[in-house]
Every structure is written in structure tokens, then in C-alpha cells.
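Each residue of the sequence shown is one higher than the last, beginning at 812 in my numbering.
Following: one structure in C-alpha cells, then a few remarks.
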Amino acid sequence: MEKLTRTDNVRVRFAPSPTGFPHIGNIRTALFNWLFAKRHGGKFIVRVEDTDQDRLVPGATDAVLAALDWLGIDWDEGPRVGGPFGPYFQSERLDIYQKLADDLVDRGLAYRCYCTEERLKEMREEQARSKERTGYDRLCRNLSQDERNRKEDEGGRSVIRFAVPKSGVTAVSDLIRGEVVWQNEVLDDFILIKSDGFPTYHMAVVTDDHLMEISHVMRAEEWLPSTPRHLQLHQALGFGPPQFAHLPMILGPDRSKLSKRHGATFVLDYRDQGFLHEALVNFLELVGWSLDDHTEIMTPSTVIENFGLERVNKAPAIFDYEKLTWMNGMYIRQLPEEDLADRIMPFLEDGLPKECLPVDRDYLLRIVPLIQERTKLLTDVAEMSEFFFQTDLDFDPQRLIQKGMDRQTALAALAACQTEISNAKIFEHEPLEAALRVAATGLELSPRQFFGTLRVAATGRDATPPLFETMEVLGRERVLDRIQQAISRLGDSD
Ligand code: GLU
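Here's what the structure looks like:
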């Protein structure tokens, strides 16, 4: 249970490693930290953990920041904004880690290890053969001072390892998972500083969580096994540890590890697939947390006011792409039309054939009310609305002939439409529908047949938003022109 009040000095961090593009799990972590900071009037810090130089992926940091920007997750300290505890890139803090690690060596709490890669490989193979526990065998922990001096003189590469206590236990009182206890004997003498002078994740994370005065470490459950190491290190360095909260894993609806087949995994792909950032945020808030046992659509302020770790689940959370898509549709429906038009615009520019561009914003604003209800993803809109923009409709003229009709009746229906539409005093959907219904009856055609033919002529489609509203937006001239083209094409076809 959380024992916090709003007055506690909450400082939380999101600590991405730029070793890949941000995925759903990363951003869920960022979001929960951000909500927690907001809830408690605290600070949210972004710290880039770029210490694994071999695995750096160019562009990954920018992608993380772009994902946060897109979702409206702003930070108080970190890249771009700086702050009093910087630098916020770990690669710029190497001397800090080195100094602290050297102090630990001087105090006998860490040691230099000179083992070569080959020796470690042989050791691991031997451990595997004899089914022993794998891990560093602490050979260098026991070197005499003379042996150490000799190794130093040889000038080989070395790392600094932490001397983990060989007995006893390390326990954490996790704010989500409760008490978790580890036997120290199962912990390896892990590396603090690598031979390239860069710290390991463990060294850097503990140092920075302390120096940046982080009050709560909220991170993915996969880091729970690292926590005893972090606690040991905090203790050795004389730091008071932060509180820990490990967020539940995220699984697909089939309860397997979240992967591409459950939908996109990279956050920015959701933007490109036409999700609204508000919908993704709302959805992610429910991946492991809940407001109550039923509410799905929540305003940001409701979530901030109510966010707390006591309603974060221990059990894995399910990521359900279908539900996200449904939620996106809900959010699209709630958007003011102007706003929706602005969000649709780039997707039309991208998705419509070139000859339909540029899109006139006022025209789009008239289309929006017709498609808003039916849109689940912004990417649906280009396909759905293409016929509003095309100059020539491309369809098989035979489709003008509805069930129970022949070419002659279809031509007669189109001619009747021409007459009614030309004669209509005002080109508005209600009178238009009334007049056309009468015309259908006159030709002894059912509304389904008559309007089916008209729909294909006016739009090239069998299914569209409501036909008469659609025609009103298309405009009299364009509709008449399309009907004329349909008549010619049907007349020409055999
Ligand atoms: N750099 C780690 C990551 O990418 C952060 C782990 C932590 O929050 O301690 O997930």
C-alpha cells in the first residue's frame, strides 16, 4: 500500500536505453511514471541510459523523445530541457561512475578483475558441463596484492566487479509486488565498470537514481531480478535506496509475450496507423492499472487525480489491439469536426491518389460529419472518402444494374435522377430524397434498386455514408456530371 501524500517530494524517472525504438512496454513505463509525478505534484525526469555502446541504435533517442512528444508526456528534467541534476545522458557522466567505483575498490567492496574473455568462456563451459550454477567464479576477488600488482604491470584489460556478500539475504519491499527476498549466494559478482571504461547498467542506474534524488523507481518487471544488486550497491555506496515498484508484464490476448503479431510494437507505428494519441494514452493507462472495475474512457485529469500504485496489478496485463481500435473510434467520434479534419488532412495527403490533391479544407470539413461515425483509424479515411475527390470514377458499368433490373431500367433510373436533380430548387438532402423516392415509384423500382443505381453512379461504390447527404456534399454539378458519365458508359457497354 502506498503511504504517500501529495506533499512528498516525488521524483521519478523514465530511463530509456537507446538500443532500439520505443515499444509499447517502454512507453507504458514512461506514462505510469509521469502520471505518478503528476498525481503527487512531483518531477518527471528523462534519463538516457546510453552506456551500452555496442548496442546503440542511431536515431533511437530521438524516436523515444518523439514518442513522448506525440503522447503529450512532457518532462521536467532531461534531454532538451536540462535541469539541475544533469547531464541526463549517462555517456556524459563517465567520470562520476568511475570515481565511485574506484572508491569502492579502495574500500575493498569492489575489485579489479583481469580475467580474459577466453577464460570466462572456458569457465562457463565447465560450469555448464558440471551443471554448476553459472556466474563469475570470483577468481580475481581472491588475488593477493602482489598478484594484483603483477597483473597491473602486465597492462592487460580489466573490469571492476562488485564484491557481493557471500551470505545473507537481500530483500525489497516492492510497492506493487510486496516483499521479495533473494539469497545473496545466488548473486554474481557483477561488473560495475567495463573494460572500455563505461559503467554497466547496474552501476549507472544506482549512481544516477541516487544523485538525481529519485524517490521511486517504477520500471518493468523484467528488472526485478536486478533489484537485489541495486540494493546492495546503494548500501555499499552509502546511499539510501529509492522505493521500488515493478510494473506488470504486458502480454498479448493469447497470453504470450507481446510481439508483432498482436499489432505494432513500436509506439510511433501507432501514430502512422492512424491512432489518436489520446486514445493510445487512455488505452495504455488501462494496461496494468484501472480506475475502478468498469470505466474505460477516462479524461486525463480523472486519471491524474486517481492514479496510484495500489490499483496497479501484479498479474500480467493484456494488450488487446482490437480494444485499442475500438477505443480509437470512440475518441474519433468525440473530436470536434475541425480538429478531426486537421488530423485527417496528413493521412489524405499521404493516402489519396496524387490527382486528388491538394485537399480543400472547407470541402473536407463538409465530408467529416459523414465519415466521423464510421472511422476507427485515421488511415481508413483516404479509402473511405476517395470518391469525394476523384475526377473520374472507375467502376464496372454493369454494377449500375441492380438486382432485378436490366440495362434499360438502369438507364431509365439514371435519366430520372438527372431530371429530378436538375429540377430540384435547392440541392439539399431532404427534398432531394423525397423527390427521388417519387421518381423511383414512378418507374416501379424499389428504393433499393433505384438508389443502388444512383449510388454507384454518384460514388462508384455500393456502400457509402448516407447517400443524400453525400450527394449534397458532392454538389449538384459533380453529381450530374457523374450521372451523365454513368449513362454514357452503360450505354456504350454490351
Ligand atoms: N535502461 C533501462 C531500460 O531500458 C531502464 C531500467 C530501469 O528503469 O532501471 O529499460
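We treat Cβ as the ideally placed atom computed from N, Cα and C, and that holds for glycine.
In the three-state DSSP reduction, L1188 falls in the coil class, being neither helix nor strand. Placement of the Cβ of W1100 at a distance of 8 Å or more from every heavy atom of ligand 1 is found. For Y899, there is no enclosing alpha helix (DSSP H), since its DSSP letter is neither H nor E. In this chain, the beta strand (DSSP E) harbouring H1057 covers Q1054 to L1058.
Per the DSSP secondary-structure output, C1228 pairs with nothing in a beta bridge.
In this structure, L1069 sits near I835, with a CB-CB distance shorter than 9 Å. Excluding five sequence positions before and after D1273, the CB atoms of its chain that fall closer than 8 Å to its own CB belong to R1210, G1263, R1266 and V1267, given in chain order.
It is roughly 35 Å from the alpha-carbon of T1202 to the alpha-carbon of G1074.
Our two residues, C951 and E936, have alpha carbons roughly 19 Å apart in a direct line.
DSSP, reduced to helix, strand and coil, places D985 within a strand of the structure shown. If you check the C-beta of V1028 against ligand 1, you find a heavy atom less than 8 Å away.
In the three-state DSSP reduction, G1140 falls in the helix class (H, G or I). Burial is judged here by how many other beta carbons sit within 10 angstroms of a residue's own beta carbon; E965 has fewer than 16 and is exposed. Under the criterion of beta carbons closer than 8 Å, F1206 and E1244 do not qualify as touching, at roughly 23 Å. Remark: the shortest separation between the CB of T1018 and any heavy atom of ligand 1 does not fall under 8 Å. Taken in chain order, the complete alpha helix (DSSP H) segments of 4 residues or longer contained in the segment 884-954 are 905-917 and 928-940. Per DSSP, the beta bridge partners of I1129 are L1062.
Not one heavy atom of ligand 1 falls within 8 Å of the beta-carbon of Y1174. Following the DSSP letters along the chain, one finds I1155 inside the alpha helix (DSSP H) bounded by residues E1148 to G1162. Per DSSP, the unbroken alpha helix (DSSP H) holding L876 starts and ends at A871 to L882.
Of all C-beta pairs linking the segment 1041-1049 to the segment 1003-1016, three or more are shorter than 8 Å, placing the two stretches in contact. Taking M1156 as the centre and dropping the five residues before and after it, the same chain places no C-beta closer than 6 Å to its C-beta.
Relative to ligand 1, even the nearest heavy atom lies 8 Å or more away from the CB of S902. Looking at the backbone, the Cα of S1101 and that of R988 are separated by about 17 Å. Ligand 1 has no heavy atom closer than 8 Å to the beta-carbon of E1024.
Proximity of the segment 1025-1033 to the segment 843-855 meets the contact definition, three or more beta-carbon pairs being nearer than 8 Å. Of the candidates V1249, D1217 and M1216, the residue whose Cα lies closest to the Cα of I1232 is V1249. At a cut-off of 8 Å, the beta-carbon of N837 counts as near ligand 1: some heavy atom of the ligand is closer than that.
Assignment of I1298 by DSSP, reduced to helix, strand and coil, places it in the helix class. With a cutoff of 8 Å, P827 counts as near ligand 1, since its C-beta is closer than that to a heavy atom of the ligand.
In terms of Cα proximity to A1297, the closest of A1224, H1240, L1254 and I1061 is A1224.
DSSP places R1030 inside the beta strand (DSSP E), whose first and last residues are H1027 to A1031. Nearest neighbour of I1178 by Cα position, chosen from E1149, C926, P1164 and L1188, turns out to be E1149. For A841, the Cβ stays outside the 8 Å cut-off from all heavy atoms of ligand 1.
In the displayed model, E963 falls within a helix according to three-state DSSP. R824 is bridged by DSSP to I856.
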